[in-house]
Each structure stands twice: as C-alpha cells, then as structure tokens.
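Visitor: Numbering (this note's numbering), first residue to last: 1 to 236.
#1: Going by beta-carbon coordinates alone, are residue 48 and residue 135 separated by less than 8 Å?
#2: Please list the segments of the alpha helix (DSSP H) lying wholly inside the region 33-96, counting only runs of 4 or more residues, in order along the chain.
#3: Just to confirm, is the Cβ distance from residue 21 to residue 166 under 8 Å?
#4: What is the DSSP secondary structure of residue 138, reduced to helix, strand or coil?
#5: Go ahead and pull the three-state DSSP assignment for residue 229.
#6: Return the CA-CA distance between residue 51 and residue 104, expressed in angstroms with no decimal places.
#7: Would you say residue 60 reaches chain B, if we count a Cβ-Cβ gap shorter than 8 Å as a contact?
#8: Could you name the residues that DSSP lists as bridge partners for residue 152?
#9: If I measure Cβ to Cβ from residue 76 and keep anything under 6 Å in the same chain, skipping five residues before and after, which residues do I get?
#10: Can you round the beta-carbon distance between residue 128 and residue 40 to whole angstroms, since I take them to be within the 8 Å contact cut?
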C-alpha cells in the first residue's frame, strides 16, 4: 500500500526530520508515548545495515551486497511501541548498545548515501505505518518515505549544540567521547547527508522548521503536540 493509501485509510503520521543531534530521536519517542502511537527510528535501520556489514565482512562501498543485506535484515524491535525502545536484536544478538556507538553512526552515514540501500529499506520503513498512528524519525521521512504525512517537522540546532548533546549522551552511558571529534564527525555527516544524490537531508516544502538550540525536549514536544492538534482539528 502506498503512503497516500495509508493516509486515506485513516492512519495518521507525524514525520520528524533533521540532522544528527537535533533531538529528533528523543523527541519522537516521547511524542509517540504521549500519543500512544508506534515509533519508527529510521536511522536504526541504516545502523543495522552497517553493523550487519561489519559482521559479514562486507565493504561499506559494496553497494550490491549492502542492498542484499538491507533487503534481508533479520531484526527484531522489542518494546518500541509507546515510544520506549528496550532491545534491538540482529540475527539473534542484542545490538541495542552497539548501534549507538560513534563508529556505527559514521558507518551508517556512509551506507545511507547509497541509493540501492535506501530503496531496499523504503518498504520496510513504510510498513511501520499501522494503527493507531506513527511518529517517524529520520532525515527523509517527510520528503520521501511519508510524503503525505499529516504533520512534517524539521528540527534544527547549531552544530555546537548538537555536538554537546551527543557528548553528554555518550558520557551518561559511560562511553568514551571527545567533543572535538564529535563536532568534526557532525560536520562530515551533515555534508554527506545534505549533498547525497538520493533523498538529501532538507525540509519538506510544507514542513514546520523548529530550531531546538536552547530549547528543552519537553518544550519541543509541547510545541509539536500543539501543532498536531491544529492539524487534527482541521481534518475532523
């Protein structure tokens, strides 16, 4: 079923896009929890492809093999409904924490630039759109994956702010972190995501752009919930 068809069947979608560190992951989970909807972390799928490539000794430049891995990912998402992500299991192995390392993020950014991989994951992402609704977090949710989403939000924040958030997040998890390295990695990822030939990172034409620099997650969630109520009231 196409995304337009899903929308016609009454399944609401909120698409949250933005660069790494803009807060979209945490915000999207909280938003899904408050609405009682399903949650799609599209970035996790690209990280899973990158991790599977490492496990199977597949080069991150081998687009054909990566496409095959993406199309046949043996993955289970446990406990993601209601915005809470407890475990992600790849080929029988709990990889929840492995997916959040900086190396995996760098690999995923490289993999995500490959058109064949993006195409292989498209239907898998769209399959998350089931009742009662979906909050989809990524970089092309509103432009490619769910172009008919009822609400599209593009989160931004200064690169320094995003680096600081990532640094604090890694420290809280007891993982090694270097602020300057993170800042450099973000610059590289931003350029790769914005300049790739397929599904580049950019706001949808009808997206609401929200700068989260200096804004708390709770305030951002409140703002988006208010936007969604406005949209929902117009469709009743």
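Every residue gets a Cβ at the ideal spot worked out from N, C-alpha and C, and that includes glycine.
Guide: With the structure as the only source:
#1: no
#2: Entirely contained in the region 33-96, the alpha helix (DSSP H) runs reaching 4 residues are, in chain order, 42-55 and 63-71.
#3: yes
#4: Reduced to three states, the DSSP call for residue 138 is strand.
#5: helix
#6: 7 Å
#7: Of the chains in the structure shown, none is chain B; there is only one protein chain.
#8: 15
#9: 89
#10: 4 Å
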